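Under the numbering used here, the residues of the sequence shown are numbered 156 to 472, in order.
Cβ atoms here follow ideal geometry from the backbone N, Cα and C, with glycine treated the same way.
Predicted, not measured: the structure shown is a model, and the values here were computed from it.
All remarks here apply to the structure that follows.
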Amino acid sequence: MDPKIKKGVEENIVIILAVIAILFCSIFYMQYSTYRRIGLLSEQLSGSVAEMNQKINDTKKSLEDSDALLQQNLGSQIDAVTESLNKTKKESQQQIQALSGQLTESQQQIGDLESKLKNIKVSSSDFSSIVKDVVKSVVTIKTNKGQGSGFIVDQEGYIVTNYHVISGVTNAGVFTYDGTLYPIKLVAYDTILDIAILRMITDRSFEVLSLGDSRDVNTGERVIAVGNPAGFEFSVTEGIVSSAEREGINGVTYIQTDVPINPGNSGGPLVDANGDVIGVNTLKISGLEGIGFAVAINGAKYIITNSIEEDKGGANP
Numbered sequence: 156m157d158p159k160i161k162k163g164v165e166e167n168i169v170i171i172l173a174v175i176a177i178l179f180c181s182i183f184y185m186q187y188s189t190y191r192r193i194g195l196l197s198e199q200l201s202g203s204v205a206e207m208n209q210k211i212n213d214t215k216k217s218l219e220d221s222d223a224l225l226q227q228n229l230g231s232q233i234d235a236v237t238e239s240l241n242k243t244k245k246e247s248q249q250q251i252q253a254l255s256g257q258l259t260e261s262q263q264q265i266g267d268l269e270s271k272l273k274n275i276k277v278s279s280s281d282f283s284s285i286v287k288d289v290v291k292s293v294v295t296i297k298t299n300k301g302q303g304s305g306f307i308v309d310q311e312g313y314i315v316t317n318y319h320v321i322s323g324v325t326n327a328g329v330f331t332y333d334g335t336l337y338p339i340k341l342v343a344y345d346t347i348l349d350i351a352i353l354r355m356i357t358d359r360s361f362e363v364l365s366l367g368d369s370r371d372v373n374t375g376e377r378v379i380a381v382g383n384p385a386g387f388e389f390s391v392t393e394g395i396v397s398s399a400e401r402e403g404i405n406g407v408t409y410i411q412t413d414v415p416i417n418p419g420n421s422g423g424p425l426v427d428a429n430g431d432v433i434g435v436n437t438l439k440i441s442g443l444e445g446i447g448f449a450v451a452i453n454g455a456k457y458i459i460t461n462s463i464e465e466d467k468g469g470a471n472p
């Protein structure tokens with residue numbers, strides 16, 4: 156072979172081998188770079204996956220904590236709501252019971268009012284037939300301080316009047332309906348009731364007034380007051396019971412009427428249409444007309460009957 160051709164072939168082979176070597180190196184480099192990039196990407200991916208897993212775990216834990224906290228808060232709120240509902244239910248039951256009690260009380264008051272309304276009997280009683288008998292048992296009490304009224308409750312001359320009529324007096328006497336004057340003695344008294352029991356010192360027998368039952372007195376009932384108002388002896392005044400049972404600040408039960416209670420009237424009897432004493436005329440409200448008060452006779456019966464019995468027992472052992 157021609158040396159020139161042979162040399163050209165050898166040069167071409169060298170070039171080809173060089174190109175192959177370059178290609179091989181390039182491929183190796185590219186493959187190496189690819190593998191390295193893949194490795195880096197794999198590391199990055201692994202890191203990202205690990206970070207994502209961590210975030211997922213953190214998120215999961217956060218959600219679990221939130222769920223637990225939510226359940227706890229929800230449980231607390233449910234407990235609070237339950238407690239509030241139970242409290243409201245209890246308060247409602249108490250209010251219902253209170254309202255029931257008020258309703259019962261109101262119904263009772265309505266019943267009492269209806270009962271009182273049924274007892275209001277305004278009638279025009281004619282007292283002319285009993286007045287002449289009543290005044291025979293009414294007396295005038297004259298003292299060194301003034302005068303008042305009273306009424307005979309026992310044939311032996313025992314008299315009921317107001318304590319304030321004879322309180323603190325040093326001289327006193329009793330005029331009966333026929334104008335006879337009798338000396339008296341104090342048998343008993345009750346300052347709270349403002350009741351006094353006197354006895355005329357005489358052997359004479361007297362006509363008496365019967366003590367009625369003040370529980371039978373009705374609002375609207377007509378009554379008469381007998382006494383000596385303003386010095387007019389044995390005056391009879393007719394009126395109406397305004398309240399059958401009025402309790403005073405001293406605990407005493409009074410009958411309120413529109414009968415005037417004037418000086419000299421105190422201690423006289425308040426008499427019903429049957430001629431029975433239902434009260435002892437005692438006081439009026441100063442400055443107001445048509446409002447008088449009499450001590451209900453039932454409250455005074457004990458001291459009247461017992462003091463008379465004791466006095467008679469002492470006088471006749």
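Cβ-Cβ distances below 6 Å link Ile440 to Ile446 in the same chain, with the five nearest sequence neighbours on each side left out; the list follows chain order. Under the three-pair Cβ rule at 8 Å, the stretch 282 to 294 does not count as touching the stretch 365 to 372. In the structure shown, Val363 falls within a coil segment according to DSSP collapsed to helix, strand and coil. Here the stretch 347 to 354 lies against the stretch 315 to 326, with 3 or more beta-carbon pairs under 8 Å apart. Excluding its 5 nearest sequence neighbours in each direction, Glu198 has no C-beta neighbour in its own chain below 6 Å.
Under the DSSP assignment, Ile446 falls outside any alpha helix (DSSP H); it carries neither an H nor an E label. Counting along the chain, no beta strand (DSSP E) covers Val407, and no H or E run does either. By alpha-carbon distance to Val391, the top candidate from Leu178, Ser398, Ile379 is Ile379.
Residue pairing of Ile352 in beta bridges, as defined by DSSP: Val315, Ala343.
In this structure, the beta-carbon distance from Ile410 to Gly382 does not fall below 8 Å.
Residue nearest to Ile296 within the set Ser255, Pro418, Leu438, Ala399 is Pro418 (criterion: CA-CA distance). Collapsing the DSSP output to three states places Ile416 in coil.
Boundaries around Val286 are those of the alpha helix (DSSP H), 283 to 289, since no beta strand (DSSP E) includes it. Between the alpha carbons of Gln263 and Ala253 lies a gap of roughly 15 Å. Annotated three-state conformation of Gln310 is coil, per DSSP. Sorting Arg359, Tyr313, Leu438, Glu400 by C-alpha distance to the C-alpha of Ile459 places Tyr313 at the top. DSSP, reduced to helix, strand and coil, places Ala428 outside both helices and strands of the structure shown, so it counts as coil.
Of the candidates Val396, Ala399, Gly303, the residue whose Cα lies closest to the Cα of Gly328 is Gly303. Cβ contact annotation for Gln248 (same chain, cutoff 7 Å, sequence separation greater than five): none.
Around the beta carbon of Phe183, a 10 Å sphere encloses fewer than 16 other beta carbons of the protein chains shown; the residue is thus reported as exposed. If you draw a 10 Å sphere on the C-beta of Ile463, you find 16 or more other C-beta atoms in it, and that means buried. Per DSSP, Arg377 is one residue of the beta strand (DSSP E) stretching across 377 to 382. Going by C-alpha positions, Glu238 is about 59 Å away from Phe448. Residue pairing for Pro338: DSSP places it in a beta bridge opposite Gly328. When secondary structure is reduced to three states using DSSP, Asn436 falls in the strand class. Scanning Gly394, Leu438, Glu393, Gly430 for the CA closest to the CA of Thr408 turns up Leu438.
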